[in-house]
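**Q**
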Amino acid sequence: MHCSVFCNLACRLRGRPASAQLVSTLSAPARVQTEVLNAAGRPVKGIAPDQELPAGIRTLLWTGQSEAGLSVPNGRYLIRLTARSADGTSSQALGTVLIQR
């Protein structure tokens, strides 16, 4: 049985101190990984580890911190969500967040 997965991602800053609210939608159950990358494409923070999730909408928050727990410098960051279905089909969604303190 073929089961493709589609995902999308919306990012916006909220509150003080600013945190990025990441809203994603999956069309089918999938193994999902969400990460923050800097402008050079290097990983800054893994927001959600590789985990099996059901279809639907979910919200994650990124506090603007690196893996080391330090505040990241001002700038534009890329949020990458990768979803893989049980049959191996994958989909990727990208969003950006601008950090200005």
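Every letter in the sequence shown is one number past the one before it in my numbering, and letter 82, counting from 1, is 163.
All C-beta atoms, glycine included, are put in the ideal place defined by N, C-alpha and C.
By a C-beta neighbour count over all protein chains shown, 10 Å radius and 16 as the cutoff for buried, is leucine 228 buried or exposed?
**A** No answer is possible for residue 228: it lies beyond the span of the chain, which begins at 82 and ends at 182.
**Q** Going along the chain, which unbroken runs of the beta strand (DSSP E) with 3 or more residues stay wholly within the stretch 148-175?
**A** Segments of the beta strand (DSSP E) lying fully in the stretch 148-175: 156-165.
**Q** So, do the stretch 108-123 and the stretch 159-174 have three or more beta carbon pairs nearer to each other than 8 Å?
**A** The stretch 108-123 is in contact with the stretch 159-174.
**Q** Look at the alpha carbon of arginine 182 and the alpha carbon of asparagine 155, and state the distance between them as a whole number of angstroms.
**A** Straight-line Cα distance between these residues: approximately 7 Å.
**Q** In chain order, what residues of the same chain lie with their CB nearer than 7 Å to the CB of proline 35, ignoring the 5 residues before and after it?
**A** No answer is possible for residue 35: the residues shown for the chain start at 82 and end at 182.
**Q** Are the beta-carbon atoms belonging to glutamate 148 and glycine 127 less than 9 Å from one another?
**A** The answer is yes: Cβ separation under 9 Å.
**Q** Got a sec, what are the start and stop residues for the beta strand (DSSP E) glycine 100 sits in?
**A** Contrary to the premise, residue 100 reads as serine rather than glycine in this sequence. Its beta strand (DSSP E) spans residues 100-107.
**Q** Once the 5 residues before and after leucine 151 are set aside, which same chain residues still bring their CB inside 8 Å of it?
**A** Here the set comprises nothing.
**Q** Thinking just about the alpha-carbon of each residue, which of Leu142, Ile180, Ala121 and Ala109 is nearest to the one in leucine 134?
**A** Comparing Cα-Cα distances from leucine 134 to each of Leu142, Ile180, Ala121 and Ala109, the minimum goes to Ala109.
**Q** Check each candidate in Gly137, Ile138 and Tyr158 and name the one with the smallest Cα separation from glutamine 146.
**A** The shortest C-alpha separation from glutamine 146 is found at Tyr158.
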